[in-house]
Every structure is written in C-alpha cells, then in structure tokens.
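These notes are about the structure you will find just below.
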Amino acid sequence: MSPTILPPLKKGGHATHCKRCLSGLPSSQVDLDPTKMALSFYCLGFLDLSGELEAKSKDWEREHWRDWIWTQQTREPIMASNMHAVIRQTEHIPLGGHYGTGFRPSSYMTATEYATEEYSDHNTPHIIMTYTALLSLSILRDDFSRLDRKGLLKFLRSCQNSDGSFSSEPLGGDSDLRTTFSAFSISSMLDDWSGMDVSSALRFISSCRTYEGGYGQSPSGEALGGTTYCALASLQLSKQLESLSTQDRQKTVRWLVQNQASNGGFRGRTNKDADACYCFWCGASLHVLDAGDLVDEAAMSSFIASCQFKYGGIAKTPGEHPDPYHTYLSLAAVALLPPNPSGEASWEICPLDPLLNATHQTSSWARAHIPAPKVDGDHAL
Amino acid sequence: MDVPTEEHLLYSQRPEWADVLPLEQYENITPLAPIFYTDEYKDATNYFRGIVKSGEMTPRVLELTEDIIRQNPGHYSAWQYRYKTLMALKCPLDDELKLMDELAVKHLKTYQVWHHRRLLVQQTRNPGPELEFIANSLQNDMKNYHTWSYRQWILAYFNDDELWSHELDFVESMLEADVRNNSAWHHRFFIAFQSGVRNGDQDRDAIVRRELAFVKERIAVAPNNASAWNYLRGILDHAKTPYSELQAFVKPYSLPQPPFGTPPEVVDLEDPLPSKEAQLPCVAAIEFMADIYEAAGSNDLMKATELWRSLANEHDTIRRR
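These protein sequences, in sequence, are chains C and V.
Its first residue numbered 64, the first sequence is counted upward by one per residue in my numbering.
Its first residue numbered 1076, the second sequence is counted upward by one per residue in my numbering.
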C-alpha cells in the first residue's frame, strides 16, 4: 500500500471548540449539567494534549478554573463551623459528611445559601467526576494542598458494593466498570489502596468478561470498547494484568483488532459502525496489552481526519456535529500512535499515558502531587 | 412533546407554590462551562432545591420533578427525589411505569430512565409486562445497550421459569430481523451458557450441540458475519472443544468459490455449505483455519503462516499486521 497523504489535523480550530465550551454552553445542552466535570476534563485535556493550553487561556483564567473545581470538592465536617449544622439536623437530611469527600459534577444542586454546609443526600460527590477533577487539576498544575485525602479514601469505601463494584455515588446511582475504573484510577493517583477491597473489585472486573474477549459494562453485558479499556486499565493500574492468561489476552487482542473497521475507525461493539471515540478506547486497550502496533495507524488517522468538523471540533463520524468528548478522545487516540505516522507535521502530538489518560507530564504531576506527602516514612494526611 | 397544564406559568408566578422558598444555584467566580439555562429550567430547579432542602414529599413534588426530568432527563437528583416521594406517598406505581413507557422511548440512551424503571419493578414485582415493553422498545433501536441490559437484568433478577420460557424464541426472532445484530447474539450466549441451568436444560452437551447447529446455519446464510463467528468461537471455548473439530464445517468457507460450481446433491445437515451467492473466501473462516493449523503446530504452522499472509495481502488489509 502506498502511504496515504493525510489532510492536516486542525488542532487550533479544535482547541477553539474546546475553549468555547469552557466559556459557556447553550441551554439545549442542559443535560450536561450532571456530568460537567467530565466535560471540562475533555476540554482541558484537549488543550493540554495539543499544547494549546497556555495560548488559549490566561493565568488568571486557569486560576479561576482551579478554584471552581475546588468548589466542587465536598468537605468533611469541620468542628467549629459545623456546630450550626449539627443543630439543624433533621430526619430527612442526615449529615452527609460520613460518606467522605469527593467532587461533584457542578453546582447544579448546590444552593447559594447553603454552599458552605456539608452535603445532603441529594448533592453527594460522584466517583467519575472525582476522577476527572483530579486529572483536570493536574492539567492546571494545582499543588493539591486543598485535597482532603483522608476524606477521599473514606468516600471510595462508601461507594464500594458487596460484589466488588463501585457506585457512582455513596447512595447508589450507576455501578459498572466505568465507576469501578474510576476507583482504581483514584487509588493509583493517591498511591494508596486502602480505600478499596482490591480483590473483590478484581473479581467484579473478571465477571464482566464476555465470550468475545471484551468486557461488558456490567456482568451480563455485551462486550464494549469503553468498558474493555476500563477493565484492562484497572488491571494494569493495580499491577494485576499478569492474571490474564495468554489465551485470554490473545482473545481480547483479537476482538479489539477485529473492531477496526475498513474505513479505519474503530467500532465499540462487533458489527456496529466505527465511532471516533473507540479509536481511543480500543487503541488504548491494545496499548495496555502491549499490542499497540496492531493498530493500522494510517487508516485510523485518516478516519479521524474525516471526522473533523470544518468549524473546529471532531465528531463521532464524518458529517456529524463535534463535541469535546469525541474531540479529546480522537486526539488521545492519535497521541498513542508511533510518532507522526504521516509525515504531516500537524499530526505531531506529545505522547500520552494510556492508564491515566493524560500527557506524561500531566500524569507525572498527578503522581508527584496527589499522594499524601511522606514524612519520615510515615503517611502524613 | 409539550403538555401545557398551567399555560407555562413559572412556579414563582403560581400562588400554590408561594409557600416554597426557592433556592438559587450557587455559582462563584467563573464557573467552568456555565450553561445558559432557560428561565423555565432555572425557575423549576430553584423550586426543586427549595423542596429538597425542606424535605417535602407531596404530590406536587411529582409534578415538579417530572417537569425537570422532561427538560433534563439526566438530572439524577430529580429522579432520585421523585422515587423517594413515590415511595413516601405510596403512589400507584403502574401509573408511573406508564409515564416511563413514554419517557423511555424519548430518552432511550439516558441511564436514569432505566435505573428508575428497575427501582419501580423491584417494588411492583411484576416483571411479565416488562419483557413485552422491552421487545417493543427494541423495535426503535435494535442494538440499544441499556435496553438489552435491562432485559438481562429482568431475567436474572426475577429468575422465573415462565419469564425464561420464551427467551430463545425471542432472540431467534431478533436474529431473524438482523442476523448481524451482535446484541442479540450476546443475549443468546447469556441465555444458553451464562445464566445458570433451567428446567429442561440440564443436558449441557445437548445445549452445546443445539447452539453449534444454530450458529452453523446462520453462518451458512450469511458467512461474512463477525458476530456469528465470535459466537462459534465462544461456544467452543466454553465447552473446551478444540477448533479442529469444526474443520469440516469451516474449510469450505475459507476457500474461493469452486469455479465449476458443483454443490453436492445431498445436503449435509450437520455441516451446511455456503450458498452459491456467498462472498468467498470468508475472512473469519480463513482466520479460523489458521488458528486450527497454528494449534496443531509443526508442519501445519506453514499452512497457518500462508493463510495469515493471504489475509494480510488480499482479504483483510486493514489487519495486515
């Protein structure tokens, strides 16, 4: 096959798309409110990965963003200021602090009058939002001096279910491989696994494995690209990837490779159409399995090139409207390829850490600043 | 769909809500990705925060939460609070399920719609109508992940012989409609192998034989169907049967169509042959044969390599590595 000439990757235009979303969203996107922390991560992640963060934002802006993210961190009760809260305790609204500390998706359930109180059962932290908030703060090079590490471990414990999985919130919500992966990732960033029962979580992961070699969202679900990434990355983060037999590993690789469609994009499930986000989920899965070289990189890049929207942003398929999720994951997928497959300079992207889903610099920052500082060999909190 | 009841009056304009203290959303400096809410949404959620704060659980809370959910089906606090209110008021849940029938079709891809439904059915303990509802819902989107997951949950959670009894027919009709629907194939595997053993299914070898016959027939109808080949591999792995036992069936699919077209007169029921119209050779069959040769080792490794090479250069260039 002759080498394909790739059209340029219009990173500047895509960065503008992400920056525009960070500045504001129309009312028609109100359904993003309960997942806004994740959306912010995709936008910031793109700016970081494309090297456009400094160019597209001012110092004071990044400082405000950090402050906003910290506002979403729920707090453990603090003794003095907490006294009135103890008094106002009613039967319906128990004190929330006993579920620990994490991040909320946004302020959408927080009332101005009660913003500094501890959270109610209807405004709890969320595990996926917590994972993405930690990454966003790392992108913004926060020093994490405001992180309540002890509360975070307690939050993880209150989200784990008896089958080993994690719920999105302490009182329920989704409970599947996405939320479970978030717990693995948070524990790994904290470099502290005392917030979870690792062996039962691993049992949950293996119960999601299907006959096709991928992993479903939950134990009886169909194999799916995104949750397969969640499973494999969790195994690797906890250094348990070796527990997969060679045969199982091959089966997973086979299924992942089979998901690359003839147009170069990846499918999330057998016989479905390719979608740009699965270029990351399947590509990163192959990477975790040390089989990243099995991706046909030229074909994948040309698929992603065709998903570029002419006014900026990348869509799930050619001709669709773009969004930060597909824009970020497409770039992340390209970042996992060997350097510059096409010779076209705009496709040069700094490499990505597939496990934390961030640039190596950001992931090193996270690993250096999120764990509790060690004092004389003891853990200080 | 709009059902105007109060001529779209804001809650702040309605006297019957005057006793509720609305609570504004907290926004400090420069929120990330602020959403420019409509006045209706801002108003409804102000009152919702007020209600949650006071802990009120009355019929008007159902109106308010439905209103918010219709504007933002992903608003999980509204769903959560609605459920608690339904329980506190001991509301007839069949009515709620009817409302969900409408909302599920509108918001098929919203997790909360399905989660709420699970909670309701755990209360009514009447899973029967759910299977029919799901079957109808799948007509709109035959591969919807949430819908299939919900079906698997209903079957496993209630685990009732009557519920299970029509499942094989159901999945067969789904595959009849689209033999490449991987969700249906996955569901079949779940029924046959993953969900325990039910009455009449105790002879596990017979189940394996039944499934092998089923998948072979489907491959004969449409050979280039990754779902069916993955299913075939799945059965063999599950039953720990070596792939080589399928060689007689698979081989004809791995070869180019015989040039002089001499299909045998006797139809082999055990190993159905590809039809004359079939596009051959079939990539999945070549791969399967290569796996057989590779497993056999020694002399056959050459054959395997040859097949892999033919895949890379001719039949499946995207996976040439």
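Heads up, the beta-carbon is just placed ideally off N, CA and C, and yes, glycines get one too.
Predicted model only: the values in this text are computed from it and were never measured.
Chain C contact residues for residue i, given Cβ-Cβ distances below 7 Å
i                 : result
Tyr1112 (chain V) : Ser90 and Val93
Asn1147 (chain V) : Val93, Asp94 and Asp96
Ala1301 (chain V) : Gln321, Thr333 and Asn334
Asp1312 (chain V) : Tyr274
Endpoints, alpha helix (DSSP H) assigned at residue i
i                 : result
Ser393 (chain C)  : Pro387 to Ala398
Cys271 (chain C)  : Where Cys271 (chain C) is concerned, there is no enclosing alpha helix (DSSP H), given that its DSSP letter is neither H nor E.
Tyr1156 (chain V) : Tyr1151 to Leu1164
Glu383 (chain C)  : Element bounds for Glu383 (chain C): n/a, residue is neither H nor E.
Met1217 (chain V) : Where Met1217 (chain V) is concerned, there is no enclosing alpha helix (DSSP H), given that its DSSP letter is neither H nor E.
Met1364 (chain V) : Val1358 to Ala1371
Ser1329 (chain V) : Gln1322 to Ser1329
Ile1126 (chain V) : Asp1114 to Ser1129
Phe1289 (chain V) : Arg1279 to Val1296
Ala101 (chain C)  : Lys99 to Leu112
Asn1257 (chain V) : Asn1257 to Phe1264
Met363 (chain C)  : Glu360 to Ser369
Trp312 (chain C)  : Before going on, a small fix: residue 312 (chain C) reads as Arg here, not Trp. From DSSP, the alpha helix (DSSP H) with Arg312 (chain C) extends over Thr309 to Gln321.
Asn1374 (chain V) : Asn1374 to Ser1385
Cys345 (chain C)  : Ala339 to Val351
Lys74 (chain C)   : Lys74 to Ser86
Gln1100 (chain V) : It is not in any alpha helix (DSSP H) - Gln1100 (chain V) carries neither H nor E in the DSSP assignment.
Ile1481 (chain V) : In the structure displayed, chain V extends from 1076 to 1396; residue 1481 (chain V) sits before or after that span and is not available.
Trp133 (chain C)  : Asp122 to Thr134
Within chain V, partners of residue i - CB distance below 8 Å
i                : result
Trp133 (chain C) : None at all; the shortest Cβ gap to chain V is about 10 Å.
Thr390 (chain C) : Within chain V, no residue comes near Thr390 (chain C); the closest Cβ sits about 14 Å away, beyond 8 Å.
Trp128 (chain C) : Thr1105 and Leu1107
Lys74 (chain C)  : Near Lys74 (chain C) there are no residues of chain V at all, since even the closest Cβ is about 20 Å away, more than 8 Å.
Span of the beta strand (DSSP E) around residue i
i                : result
Asp237 (chain C) : Gly235 to Ser238
Glu232 (chain C) : Ser230 to Glu232
Within chain V, the residues that residue i reaches when beta carbons sit closer than 7 Å
i                : result
Met465 (chain C) : No information on residue 465 (chain C) is available, as it lies outside the stretch 64 to 444 that chain C covers here.
Glu275 (chain C) : Asn1305 and Gly1309
Gly236 (chain C) : Tyr1151
Chain V contact for residue i (CB, 9 Å cutoff)
i                : result
Lys437 (chain C) : no
Trp344 (chain C) : no
Asn334 (chain C) : yes
Trp256 (chain C) : no
Ser86 (chain C)  : yes
Ala368 (chain C) : no
Gln136 (chain C) : no
Asn224 (chain C) : no
Cys293 (chain C) : no
Leu102 (chain C) : yes
Gln299 (chain C) : no
Gln371 (chain C) : no
Neighbour list for residue i in chain V, Cβ cutoff strictly below 9 Å
i                : result
Ser183 (chain C) : Val1127 and Lys1128
Neighbour flag for residue i against chain C, beta carbons, 9 Å
i                 : result
Glu1171 (chain V) : no
Tyr1306 (chain V) : yes
Asp1235 (chain V) : no
Trp1223 (chain V) : yes
Lys1181 (chain V) : no
Residue i and residue j closer than 9 Å at C-beta
i                 : j                 : result
Ala1360 (chain V) : Gln1332 (chain V) : no
Leu399 (chain C)  : Gly331 (chain C)  : no
Leu319 (chain C)  : Gly277 (chain C)  : yes
Thr1105 (chain V) : Glu124 (chain C)  : yes
Ser1258 (chain V) : Tyr1220 (chain V) : yes
Leu1139 (chain V) : Tyr1086 (chain V) : yes
Cys340 (chain C)  : Ala1108 (chain V) : no
Ser1173 (chain V) : Met1132 (chain V) : Position check: residue 1173 (chain V) holds Lys in this sequence, whereas Ser was assumed. No, Cβ-Cβ distance for Lys1173 (chain V) and Met1132 (chain V) is not below 9 Å.
Leu419 (chain C)  : Ser248 (chain C)  : yes
Tyr292 (chain C)  : Asn1305 (chain V) : no
Leu112 (chain C)  : Gln371 (chain C)  : no
Leu219 (chain C)  : Met252 (chain C)  : no
Ala174 (chain C)  : Gly1125 (chain V) : yes
Listed by chain order, chain C residues near residue i by CB distance under 8 Å
i                 : result
Ser1258 (chain V) : Glu285 and Arg332
Arg1255 (chain V) : Asn334
Leu1098 (chain V) : Ala174, Thr175, Glu176 and Tyr177
Lys1218 (chain V) : Arg332 and Lys335
Gln1227 (chain V) : Ser283 and Gly284
Ala1360 (chain V) : Chain C residues near Ala1360 (chain V): none, gap ~14 Å exceeds 8 Å.
Tyr1186 (chain V) : Asp237
Run through the region 1182-1248 of chain V for me and flag every whole alpha helix (DSSP H) of 4 or more residues, listed as ranges in chain order.
If we require 4 residues or more, the alpha helix (DSSP H) runs fully inside the region 1182-1248 of chain V come out as 1186-1199, 1203-1215, 1220-1233 and 1236-1239.
Beta strand (DSSP E) segments (min. 3 residues) lying fully within the region 185-235 of chain C:
Entirely contained in the region 185-235 of chain C, the beta strand (DSSP E) runs reaching 3 residues are, in chain order, 230-232.
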